[in-house]
Amino acid sequence: MSTLDTTLHADEHAHHGPAKGLGRWLFTTNHKDIGSMYLWFSLLMFFIGGCMALMIRAELFQPGLQLVEPGFFNQMTTMHGLIMVFGAVMPAFVGLANWMVPMMIGAPDMALPRMNNWSFWILPFAFAMLISTLFMDGGAPNFGWTFYAPLSTTYAPPSVTYFIFAVHMMGISSIMGAINIIATILNMRAPGMTMMKLPLFCWTWLITAFLLIAVMPVLAGVVTMMLMDIHFGTSFFDAGGGGDPVLFQHVFWFFGHPEVYIMILPAFGIISQIIPTFARKRLFGYASMVYATASIAILSFLVWAHHMFTVGLPLVGELFFMFATMLIAVPTGVKVFNWVATMFRGSMTFETPMLFAIAFVVLFTIGGFSGLMLAIAPVDFQYHDTYFVVAHFHYVLVPGAVFAIMAGVYYWLPKWTGHMLNERMGKLHFWVSFIGVNITFFPMHFIGLAGMPRRIPDYALQFADFNMVASIGAFIFGLSQLIFLWNVIACVRGGQKAEARAWEGAEGLEWEVPSPAPYHTFATPPRLPESLQ
Amino acid sequence: MSARGDTPRLVRRLVLGAVLMFGFGFAMVPLYDVFCEVTGLNGKITNTGPVATAEADTARSIKVRLIAVHNEGMPWEFSPLEGVVRAHPGEMRQTAFVAANPTARDMVAQAIPSVAPAEAAQYLHKVNCFCFERQPLQSGESVEMPLVFVIDRKLPEHIRSLTLSYTLFDISPEVSAVTQDKKEQRL
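Residue numbers (the working numbering), protein chains in the order written: chain G, 743 to 1275; chain D, 639 to 825.
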């Protein structure tokens, strides 16, 4: 498509707003509409997955079996993991990318708007299929979100086939979303915006998108192998037929480890946008942030077997994966120090997005440190599959990825809705969430070190008190998300009128357009403002 | 808008990348086998078939422990005839495992071997082993399954004992599914 052609096309559209009725959402190719749909979908999944988590925590409130059958408990842990990873965190980041990437780089829309529509509309079908397994004979998948063979092949419930197709669909959606983001960032930047002037949210998403293209097909491959083992008599993972269940773990974690960075790198980007705004300083060490993100992404392909220290790796393998994993702490440390240095001697104010961003830096670092403890191969034999692991990855995912998403939503809400947030309610949400999340997950470190295994519906008596504390915290955290929902809806419906530059210290092209952002922005390429040149 | 690059070409390359990575997922299967074979990890034994007879190294005597493991739900009786055999490197040794099918149905089993320490796997030659083939047993039938092996003279000095373990898998459902398919094809 030639430049002239596209400009005419965009101009012609600028004269009318969105279509009316349901068709607007079904057929839209507008990045803002699609971004909103991704974000609402993700919020819905967050609440569904959250209800499952609360069922788990309610059962674990006291030792003994009180509320649910052990089989159903296993379905809950599995579905909670799958829905939160693939339904809540990943679509939320894609939604933020859809909304913000074109506006940050001065592009009129995503590079491939029709494919964008398709990548979103696959998701509701994939998750409807996944959730429908709860009502099938034999129940939903019950083998954990990591679906290790042979639990997910030989001993799986019949619904596993629906699970496999749902994963295929999510994978296709993610790959298309990633292709779109790469094409947009590489080809549609405003004149003068060189790669090293790109906002960090775009940089981290660009790198994440390459990770997605590299590993989502491997996930598709591993579920396809499962499908063939289950239905076509192959023996990829069946030792009786010459296969190897450990192979499953290798292929899965070759996907799985980059996947955890897919869920955190865009969070790094969001935090790198927010902290400079509220510290009223330029981001400290922009270039080192870019290189650190790229190093984390490259290293993520070399550490997968640290999830498998106990399967019987040779000593050399244990040492290699242990040191490679610890190496990741270096670029991650660079990032944390850069954020702290950005805040250092800044004129800081503590609006809701900044509170979430600071909590992210502190709590993500705690999660990072427990990750370093798990990286030590000899002690991992003690920690493996205990609640310590659960504490670790919830610290990096909940006050990590989820807090970053909430920070991003609060930060950009004025741009989306044209209204400022009710700060009092925002701060209330922050403090209740912050306290709730720590009450939930901090005690899990202790019960994990004391030896409580993960994914069990009943436990020994000595773990009782900490489990009760964790369950109380989980309900505080879960219910506090209703305040979030209330905040978002209230901000959409009304509130103090937002300026184009909604936050005093905000820099970037997205703050040059009015709030709320018009349906079509940057139909003609913008000139970069002074601060970005 | 400034189209900096050729978007269709970029998209084609990215799609190609995704397709190649899908292939790579499957390529990990043979790569894994090759890796295990080269390093001898996983205790898989690849040296099978006849060997050239060599003079036994009587100065060394290696203790070989034989272990029989039932995979989950496998009801057969399965045990080694001798729990421990001693063998000189280079010497051909014969022993056997005993299996019996106490159930009321005809079954087929497959034994999967493993050697510990993994380092020793590449020095163990199996001349003949029941694990080469499937073992069908009718209800109530029992069988003595032979095993003939030679430990390579090149076995490193520090290995004084090794363990040869067999896990017995029930593969009757798979076998019957295949025969069922064949019957259906014939019809």
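Cβ coordinates follow ideal geometry from the N, Cα and C atoms, glycine included.
Treat the numbers as computed from the prediction; the structure is a model and nothing was measured.
- Taking C-alpha positions only, N816(G) is separated from S901(G) by approximately 14 Å.
- Here the alpha carbons of M937(G) and T875(G) stand approximately 45 Å from one another.
- Around G985(G), the same chain offers S977, F978, F979 as residues with beta carbons nearer than 6 Å, after the five sequence neighbours per side are excluded.
- Around N709(D), the beta-carbon contacts reaching into chain G at under 8 Å are A981, G982.
- Annotation: T1067(G) to V1138(G) spans about 16 Å, alpha carbon to alpha carbon.
- In the structure shown, the three-state DSSP call for V722(D) is strand.
- Beta-bridge pairing by DSSP links F735(D) to P718(D), M783(D).
- At a cut-off of 8 Å, the C-beta of P941(G) has no neighbouring C-beta in chain D.
- Listed as beta-bridge partners of C767(D) by DSSP are L785(D).
- Runs of beta strand (DSSP E) with 3 or more residues, each lying fully within the segment 1158 to 1237 of chain G, are absent.
- The beta-carbon of A737(D) is placed no less than 8 Å from the nearest beta-carbon of chain G.
- Every alpha helix (DSSP H) stretch that sits fully inside the segment 852 to 924 of chain G and reaches 4 residues is listed by chain position as 855 to 874.
- In terms of Cβ geometry, A1240(G) and W1253(G) do not form a close pair [threshold 8 Å].
- The residues L942, F943, W945, T946, W947, in chain order, have a CB closer than 7 Å to that of G1011(G) in the same chain once the five nearest residues on each side in sequence are set aside.
- In summary, D1200(G) is exposed, with fewer than 16 beta-carbon neighbours lying within 10 Å of its beta-carbon over all protein chains present.
- In the structure shown, the three-state DSSP call for Q760(D) is helix.
- In this structure L669(D) is exposed. Its beta-carbon is surrounded by fewer than 16 other beta-carbon atoms within 10 angstroms.
- Comparing C-alpha distances from I864(G) to each of G837(G), L893(G), A908(G), G880(G) shows the shortest one belongs to A908(G).
- The Cβ neighbour count for A870(G), taken over all protein chains shown within 10 Å, is under 16; the residue is labelled exposed.
- Q748(D) has a beta carbon lying within less than 8 Å of a beta carbon in chain G.
- Look at the beta carbons and you see the segment 726 to 744 of chain D touching the segment 763 to 774 of chain D: at least three pairs across the two are nearer than 8 Å.
- Using a CB distance cut-off of 8 Å, L652(D) counts as an interface residue toward chain G.
- Take M842(G), set aside five residues on each side of it, and the residues of its chain with a beta-carbon closer than 7 Å to its own are F943, W1154, E1252, in chain order.
- Judged by pairs of C-beta atoms under 8 Å, the segment 910 to 926 of chain G does not touch the segment 886 to 893 of chain G, as fewer than three such pairs exist.
- The distance from the Cβ of A898(G) to that of T820(G) is about 11 Å, inconsistent with a contact at the 8 Å cut-off.
- Per DSSP, the continuous alpha helix (DSSP H) segment holding T1035(G) begins and ends at 1028 to 1041.
- Listed along chain D, the residues sitting closer than 7 Å to G963(G) by beta-carbon distance are F660, G663, F664.
- Contact note: F807(D) reaches chain G through A981, G982, using a C-beta cutoff of 7 Å and chain order.
- Neighbours of A656(D) in chain G, taken as residues whose beta carbon is under 7 Å from its own, are I917, I955, P959 in chain order.
- Shown in chain order are the members of the segment 968 to 980 of chain G whose Cβ falls below 7 Å from a Cβ of chain D: G975, F978.
- Looking from the CA of P959(G), the closest CA among P1000(G), L1105(G), R1197(G) belongs to P1000(G).
- The C-alpha of H822(G) lies about 20 Å from the C-alpha of M1194(G).
- Per DSSP, K1077(G) lies in no beta strand (DSSP E); the unbroken alpha helix (DSSP H) holding it starts and ends at 1071 to 1085.
- Taking the CA atoms as reference points, R650(D) sits about 44 Å from I1225(G).
- For K774(G), the enclosing alpha helix (DSSP H) stretches over residues 773 to 801.
- I921(G) sits close to V653(D), with the two beta carbons spaced by under 8 Å.
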